[in-house]
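Residue numbers (our numbering): 7 to 347.
Comments concern the structure below.
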Ligand code: F6R
């Protein structure tokens, strides 16, 4: 059943090149809901990893399509009185998360058009929503979401592509190859650093901030190491006091609009003695002088960088948890689907 892999999680990580291609192709201009094309504003509701996919979507949809996107935790949306948008997109791998369902229900009661992005045909979310987009990741057995998260990214990238026409089909078709390259990376040194830590900070900017939120969630979920994510610029507004040689920082520092300021943030952290694991260009000499370990990600396109960094962080969590002998597929206290509020 595990196809020769020691855990379902690793098997599911390795399925991702195919999964992302299938997810991207699950949607075309003919099947994109009309009301989504006409939307002037969108709310995304979701929980956990699915919420992080929603945050990445917000960044991409706002910057490529100019559509304001609000992203709300399912558990908060029901109880907050905020102005409703034209469309609600509910993202849920299982399609059974109670908080996400009640958030969609709130939209239904207020005549908002609703779209479900889910992995499970005929799940509850499909009955609550006007339209369903199936992400087609295949069954996910490991409690920690990996391939379903990547499939959500695939679907949502395609939505942005179809709404904006600004992501080339060629870029999207490289997503699977970008993941294949990441799967070949050696994570040993970074794992050694993380496995002996009690606290790890994950920092990024722009769309890489929610990528880091997802990376930190994955790390704490399966390794039981306390991992916190921050927008890199926020570190000096408080968390700085926690930095020491005992608290590694995992950072994404790729060429782009925030590269210089990110490098500056890392210098400040390094001055506190913090060990740094950086995801960046393999030939970036400035970064390699600063960081203790550079995990190379040599993609130029933002979308491929997002997908590649996501998978690197999954692998970092998986191999760290494996080094610590954790019960990876069924972490303590967690269930695959959360059907109570
Ligand atoms: C984390 C994880 C959870 C789920 C969350 C929402 O690895 O799996 O955070 O993402 O419980 O679940 P779905 O997507 O089924 O609504």
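From the three backbone atoms N, C-alpha and C, an ideal C-beta is built for every residue, glycine too.
C-alpha distance - residue i paired with residue j, whole-angstrom precision
i: residue 12; j: residue 91; result: 45 Å
i: residue 146; j: residue 154; result: 7 Å
i: residue 142; j: residue 29; result: 6 Å
i: residue 326; j: residue 226; result: 10 Å
i: residue 31; j: residue 277; result: 46 Å
i: residue 193; j: residue 301; result: 8 Å
i: residue 81; j: residue 56; result: 13 Å
i: residue 307; j: residue 10; result: 33 Å
i: residue 106; j: residue 162; result: 17 Å
i: residue 191; j: residue 321; result: 9 Å
i: residue 238; j: residue 83; result: 27 Å
i: residue 287; j: residue 315; result: 12 Å
i: residue 118; j: residue 284; result: 42 Å
i: residue 272; j: residue 135; result: 44 Å
i: residue 165; j: residue 102; result: 23 Å
i: residue 351; j: residue 122; result: Here the chain comprises residues numbered 7 to 347, so residue 351 is not present and cannot be evaluated.
i: residue 201; j: residue 187; result: 24 Å
i: residue 219; j: residue 183; result: 24 Å
i: residue 18; j: residue 25; result: 9 Å
i: residue 295; j: residue 241; result: 21 Å
i: residue 178; j: residue 71; result: 17 Å
i: residue 7; j: residue 330; result: 24 Å
i: residue 346; j: residue 291; result: 50 Å
i: residue 333; j: residue 339; result: 11 Å
i: residue 207; j: residue 270; result: 17 Å
i: residue 89; j: residue 189; result: 43 Å
i: residue 27; j: residue 61; result: 21 Å
i: residue 100; j: residue 125; result: 6 Å
Any non-hydrogen atom of ligand 1 closer than 6 Å to residue i Cβ
i: residue 142; result: no
i: residue 323; result: no
i: residue 317; result: no
i: residue 99; result: yes
i: residue 344; result: yes
i: residue 60; result: no
i: residue 270; result: no
i: residue 132; result: no
i: residue 198; result: no
i: residue 54; result: yes
i: residue 120; result: no
i: residue 151; result: yes
i: residue 103; result: yes
i: residue 106; result: yes
From the options, residue whose alpha carbon lies closest to that of residue i
i: residue 341; options: 228, 171, 45, 279; result: 228
i: residue 129; options: 97, 242, 252; result: 97
i: residue 248; options: 280, 262, 218, 266; result: 280
i: residue 156; options: 308, 329, 301, 22; result: 22
i: residue 235; options: 244, 209, 33, 124; result: 209
i: residue 139; options: 346, 321, 291, 39; result: 39
i: residue 87; options: 100, 75, 116, 63; result: 116
i: residue 317; options: 151, 201, 263; result: 151
i: residue 289; options: 275, 305, 282; result: 305
i: residue 63; options: 244, 313, 252, 149; result: 313
i: residue 159; options: 59, 89, 81; result: 59
i: residue 274; options: 299, 263, 245, 260; result: 245
i: residue 293; options: 319, 71, 257; result: 257
i: residue 169; options: 333, 329, 224, 69; result: 69
i: residue 113; options: 183, 94, 19; result: 94
i: residue 110; options: 19, 132, 89; result: 132
i: residue 66; options: 243, 216, 182; result: 216
i: residue 344; options: 52, 24, 20; result: 52
i: residue 204; options: 16, 222, 79, 214; result: 222
i: residue 185; options: 253, 218, 230, 319; result: 319
i: residue 171; options: 337, 263, 43; result: 43
i: residue 15; options: 251, 268, 324; result: 324
i: residue 49; options: 75, 37, 35; result: 75
i: residue 252; options: 231, 260, 243, 261; result: 231
Strand pairing of residue i, partner residues [DSSP]
i: residue 98; result: 124
i: residue 119; result: 93
i: residue 49; result: 76, 94
Residue i CB to nearest heavy atom of ligand 3 below 6 Å
i: residue 98; result: Annotation note on ligand 3: not contained in the displayed structure, which lists ligand 1 as its ligands.
Report the residue ranges of all alpha helix (DSSP H) runs contained in full by the stretch 126-181; include only those spanning at least 4 residues, in chain order.
130-134, 153-170, 175-179
| query | In chain order, which continuous runs of the alpha helix (DSSP H) of length 4 or greater are located wholly inside the stretch 186-269? | reply | 194-201, 214-229
In chain order, what are the residue ranges of uninterrupted beta strand (DSSP E) at least 3 long that sit wholly in the stretch 279-313?
282-286, 299-302
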